[in-house]
Each structure stands twice: as C-alpha cells, then as structure tokens.
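A quick write-up on the structure given underneath.
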Amino acid sequence: MLIVIVFIITVGAFYLIHLLPGDPAVVILGTGASPVNRAKLYAQFGLNKPILEQYFVWIRNVVHGNLGTSFITQTSVWSTVRAALPIDVEIIVLSQILAFAVAIPTAMRSARKPDGWLDRILSAGSFTLLSIPSFVIIVLLVLFVAIKLGVPHTGVSSYVSLSSDWITNLESLTLPAFTLAVGSYVVYYRVLRSDLIATLQEEFITMARSKGISQRRIMWRHAFRPSSVALLGTAGVNIGGLLASGFIVQYLLSIPGLGYTLITSIGQSDYLVVQGIVLVVSVGVILINFAFDFIINIVDPRISRE
Amino acid sequence: MSQEQKLLVVKDLATTFHTPSGPLAAVGGVSFDLNQNETLGIVGESGAGKTVLLRTIMGLQPRTNVDVSGSVLLDGFEVVGASEKAKRSIWGLEVAMVFQDPMTSLNPVMRIGKQIDEILRVRLGMDRRAAKARALELLELVGIPSPAVRYNVFPGELSGGMRQRVVIATALAGSPKLLMADEPTTGLDVTIQAQILNLLEELKEQMKMSVVLVTHDLGVVATRTSQIIVMYAGRIVEMGSTREVFAHHRMPYTRALLEGSPKVSNPSHTRLLAIPGRPPNLLNLPKGCSFAPRCSFATDRCRQERPELENANAPGHTFACWNPLPVTQSVSA
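From first to last, the protein sequence lines are chains W and Y. Here the first sequence stands for residues 1 to 306, where the numbers follow the numbering used here. Here the second sequence stands for residues 1001 to 1333, where the numbers follow the numbering used here.
Encoded structure:
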C-alpha cells in the first residue's frame, strides 16, 4: 500500500515539471540562445529522450538520494532540502508539543462538566481562535510578542541551527511554532473534548466509578485512551498539513524552512528544487499518516482486531 | 454481629430524573431491608426501574439532572446525600456491582488483569506483585481457565461468558459485603446463564456476602433468593419471602409475571401468557395504580387511588392492590 502511494507520488512529482510552463534551456541559456546550443543542452540533460526513460533515469537517481542539481544555484537539490527540512521538523515538533500540552488538559476539564462555565469559556475561546487565520495570528504575535515585549526574533539572514546555538535557534522558532500550535490546539481540543464526553457516557466508566477510584484516575486511566483515536487520526492529517502548508508562517517570518525555500524557488523558476521539495513533503505526509495509523492500532486494540 | 443484623435499610427511596420532557420518576418511594448473607431478588419488566433502584442504592446514579430522596443505610453509611468522595470510600469495598452487559462494562482498551488489579492497588494499597497474585486467584475463583494468560488479554479477546466472569472477579476484588447483580445474565447464552448464576451463588456462600439479584426472569430468583421484590413502574407492588410470593402472591401483576415465565412442569408447546399492553410512561404515570390499565381486575378505584403496600397473611409479605387475588390462589413455581 505504502509503496503504491509513494510510486504515484513520484510519477506526479516527475510529471509536474513537464506541466510547468517554461523551458530549462531558456532559464539557463537565456532567451537569445541558438537552436543548436539548445539542442546540445537538451542532450546534456537527457531531455531529448522519451519521457518514460527520463522517469526511470530520474527515479533511479532519487532512490540513490540524488534529486538533481539546481539550474539556478548549481547546488545539489538534496543539500538544499537537507538544510531546510530540520527547520520544518523542529517547528512542527515544538508546535505539536505545545498544542497537545494545552489541548489535553483543557479538553479533560471541559469534558468533566460539559456546558459548565469552564467548558463554555474554553469552547468559546477555541471558536475565537479557530476563526482567526494564521497570517493574522502571526502579525498580532509579531506586534505584541516581538515588538512590544521585545522577544528577539531572527529571520532568514541570522537564522542559526539548533546544534550551533540552541537558545537563539529556539528564540527564532518560538513565533512560528506558537502560530502553528494555535491552529492545532483548537482542532485537538475540540476532537478530544467531544470524544471524551461520549466515552464518559459509557458503561465501563460507571463500572470504573463503582470501584471507588478518583475522578482523576477515571479520566486519565479509563477515559483518555479510548477517546484518543480520533485525536491521533486528526493529528496525523494535521501534521501532514503543517508540513505542506507551513510556507505561510515561514514566508511571513522569514524562516528558511522547506516552505520558504519552495516559495523562493517557484519565484526563480528553479523547477528541480520545487520538484525535490514536493517529493520530500509528499512522502513525509504519507509516512506521518502511516506512523499515526500504526500508533492508533497500538492505542486501541479493537481496531487491529476488526 | 448477629445473623439478623440489617446490612441494608432502604426507606422511601425515590429517584427522579430531570429530562427535557419533564421530571421522570424512575423510582418512586421504595422501602425494604436486607439481612447479612441473604439474597434478595428484584423482578419486574424492562423499564420497571430495577437498574435505577440498584444504582441509587449504591449512590451510583448520574451526577447531574437527578434528584434522590429518602434514605439508604448501607452497613451504617447513609448513601443518600453523601458526597461522591464519601461514597468512594464504600464503593468497591463495602458494595460492588456486577453490571448487566459484559460487552460494554469492561474497558475495551485496558488489559483485564489491570482492571481487576486496580481496586487492589488503588483501594487496598497492594504492591504490583501482590495485586497480580490476588488477581490471578480471583480469575481462578471465577472459573477462568489459564488465568496467567487471560490476565494480559483485552476484553475483546474473550467471550461474553468469560467477560462476565471477569466483571464478577473485578467486583469481588474488594471483598464487598454487598454484591449488586444487575441482570448479570441478560446478554449471555442460556447454558452460560446458569453457570454464571451458580457461580454467583457459590461465591456468595464462600465470601459471606449479601446479594441483590435483579432480573426480569422469575425462574432465576425462584431457587436462588430468600426474598423477592416485585417492581412495577418504579414502585414495589409485592414483596415477601420467595416461598410466600410464589405460593400465595396477591398482586395480579405478580401472577401475570409468573404466567409469563416458562416452567419445566408444563407440557411442551404450552403458550406463555403475555401481559397485554406496555409498562406505563414514567413521565406521565396514571393517577391510581400504575398497573390498572393492563389489569383485568381493575376497577374505578384502581384508576383513581393508588394502593399502598399492605400486609398479607405471612409476616413480611406485603402487596399493593385494591382487588388482590384470593388467598387460596396459587401458582406453583
């Protein structure tokens, strides 16, 4: 299954290049190049071969970690992706830790007394956040956190990696991670809250109650796990989505992750970089979803049995 | 403690749910008591309020939109009005419940050993090893083969009968004085039903418990209980010793229930008598006797005035009926 999907993705990513307008010969040689030179260039890159053969040449290289060399920067696409990908991973991991750390306890609180005052406040708050688009949140955060509070924030020019200076690194990733966390939090809170409310109606919760154990234990030991299947499924889809759509946040905050690189590459018609990023992101999304499916099977043994 | 010590004293217990369509009187003024080491059967059709009564006695009714009045003294502890925290101290250790449907009463994502362990570890403070050892004993006690293997399985890997044994083992873990069994065999095959009921009976003797056995099947209570309560529309309509109620019942509803249960002594293909009509809507109870609309003996008085429980001939035998069956009337069990 996984292999079939990845194969389809590679075909799509490969064909994408052929769908795009423009001609690599024009990009490299300029508009005034002679037909002879253009034909030479075609032969050099193998662009005169049948498309199926081009695909097999390309896919063999991809499997060996060779995504090609950018026509524009003359650097390997793989090294560009490898420089940007850890930033995306770090932002997503940070944002998800934040989102879960807030969503789980608040959903638990809400579900204990649905329609109680706390639940009403939390639900209303989540709706408010839901209705604010991420680019508005970024602008507000930059205004209040970065400018008014003076939390340092660095952009693409002064970005440093986690390994070289983790404090500066975390400072520059706080705003993007926080922005993504807000959107994730709302979804996770709502999904978990409604599943918890449904679970708490179950007979096995009454049975757990009849053992004389604390409310806290009932919530965490009995209600949480059977309520977390939809949460995990949603998280899988959401994290995949963040990998694919993180470009808004990255672009606005000048964080040189995959999304930022993608936008700049599109602007420069750097097709091979676009292709490489599309491929890596697509495979990443698939792998993330498969990983979450796997986790769900462990969390709820009923699913794998059926 | 003497044999005659009352373990459970219930007085004027009423449970009312606040529903969007108005107050629903699920239990309307129930009084009875139960001695130690005794088994009480509560019978009645579906919707008679048996399950709600059981849960209210234990204090396990939902925490919102419900009113409980009256009194339940459980081994000296007043359940009605007690806080959840106070009730937790008796739950599991003084009183435990065997739930109706073992398909829904076990946590589907928790290994069964952990579900039995929980009460031992959290309530009795046993360490992991002692709790596991005790849980294995309990699994063995309720007749689960190869307990060491079963300890680690999820409920979905067990049959209904096995699951109900696990539920019973869980209920027994805290060695309760009172075991509430809420139609413990409803969801099970007939052959398994007898096994589970016999198991409960054995365990009752072995662990010196009192048992309240709720059922809609009079055949179940006939041989296994010493006292019977017949419930209709949230009220007791007849109660007494099992022998008396079977031999000299006075309430037409009790007779209707008896005629509605199959008996081995009947020739084969004997038609069972179904009670005409349906149990009344608890949101809108009739003014007089709730059974009047379905009763062939009903008079105008029955429709206007509700009968209270009155004494029959034998001590402890009471019934609520304006036109009781004559004393000589008898249907053998």
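For each residue, glycine too, the CB sits at the ideal point set by N, CA and C.
As computed with DSSP, Y/S1069 is found in a beta bridge with Y/A1014. Contact of Y/V1109 with chain W is assigned, a C-beta pair being separated by under 9 Å.
Assignment of W/D115 by DSSP, reduced to helix, strand and coil, places it in the coil class. Contact annotation: in the stretch 1115 to 1135 of chain Y, residues whose CB is within less than 9 Å of a CB in chain W are Q1115, E1118, I1119, V1122 and R1123. One Cα belongs to Y/R1123, the other to Y/K1132, and the distance between them is close to 14 Å. Under the DSSP assignment, W/P176 falls in the alpha helix (DSSP H) whose first and last residues are W166 to L200.
Beta bridge pairing from DSSP links Y/V1212 with Y/L1040 and Y/M1180. Boundaries of the beta strand (DSSP E) around Y/A1025: G1022 to N1035.
Taken atom to atom, the span from the alpha-carbon of Y/A1135 to that of Y/T1019 is near 41 Å.
Secondary structure at Y/T1318: strand, using DSSP grouped into helix, strand and coil. Per the coordinates, the alpha-carbon of Y/V1221 lies some 34 Å from the alpha-carbon of W/T199. Shown here, Y/I1144 sits in coil according to DSSP, grouped into three states, outside any helix or strand. Listed by position along chain W, the residues whose Cβ is nearer than 8 Å to that of Y/D1101 are E203. Under the three-pair Cβ rule at 8 Å, the stretch 28 to 42 of chain W does not count as touching the stretch 282 to 298 of chain W. Counting along the chain, Y/M1231 sits inside the beta strand (DSSP E) bounded by residues Q1227 to Y1232. Taking a cut-off of 8 Å for Cβ pairs, the stretch 206 to 219 of chain W and the stretch 90 to 105 of chain W do not touch, as fewer than three such pairs fall below it. Note that the C-beta distance between Y/L1203 and Y/V1142 is below 9 Å. Note that the C-beta distance between W/F178 and W/S126 is not below 9 Å. Residue nearest to Y/N1281 within the set Y/M1097, Y/Y1232, Y/T1056 and Y/S1105 is Y/Y1232 (criterion: CA-CA distance).
Leaving aside the five residues that flank W/I286 on each side, the residues in its chain whose CB is nearer than 6 Å to its CB run, in chain order, I5. When Cβ pairs closer than 8 Å are counted between the two stretches, the stretch 1280 to 1294 of chain Y is seen to touch the stretch 1233 to 1252 of chain Y, the count reaching three or more. Secondary structure of Y/G1240 (DSSP, three-state): strand. With contact defined as three or more Cβ pairs closer than 8 Å, the stretch 1175 to 1183 of chain Y and the stretch 1210 to 1224 of chain Y are in contact. Neighbours of Y/M1058 across chain W, judged by C-beta separation under 9 Å: S210. A distance below 7 Å between beta-carbons, with the five flanking residues on each side excluded, links W/S184 to the following residues of its chain, in chain order: S95, Q96, A99 and N238. Here the stretch 1097 to 1117 of chain Y lies against the stretch 1145 to 1155 of chain Y, with 3 or more beta-carbon pairs under 8 Å apart. At a cut-off of 9 Å, the C-beta of W/S214 has a neighbouring C-beta in chain Y.
Counting of Cβ neighbours within 10 angstroms places W/S163 among the exposed residues, the total staying below 16. Between W/G259 and W/Y251 a beta carbon distance of about 7 Å is seen, short of the 8 Å cut, so the two are scored as contacting.
For Y/M1097, the pairing in a beta bridge is given by DSSP as Y/M1180. Nearest CB-CB separation between W/D300 and chain Y: below the 9 Å threshold. For W/E203, the uninterrupted alpha helix (DSSP H) run begins and ends at E203 to R209, by DSSP.
For Y/L1073, the closest alpha carbon among the candidates Y/V1052, Y/T1318, Y/T1223 and Y/V1095 is that of Y/V1095.
Linking W/V136 to W/I147 through their CA atoms gives a straight-line distance of about 15 Å. Below the 8 Å Cβ cutoff, chain W contributes E202, E203 and F204 as neighbours of Y/T1104, in chain order. Under the DSSP assignment, W/T234 falls in the alpha helix (DSSP H) whose first and last residues are V229 to S245.
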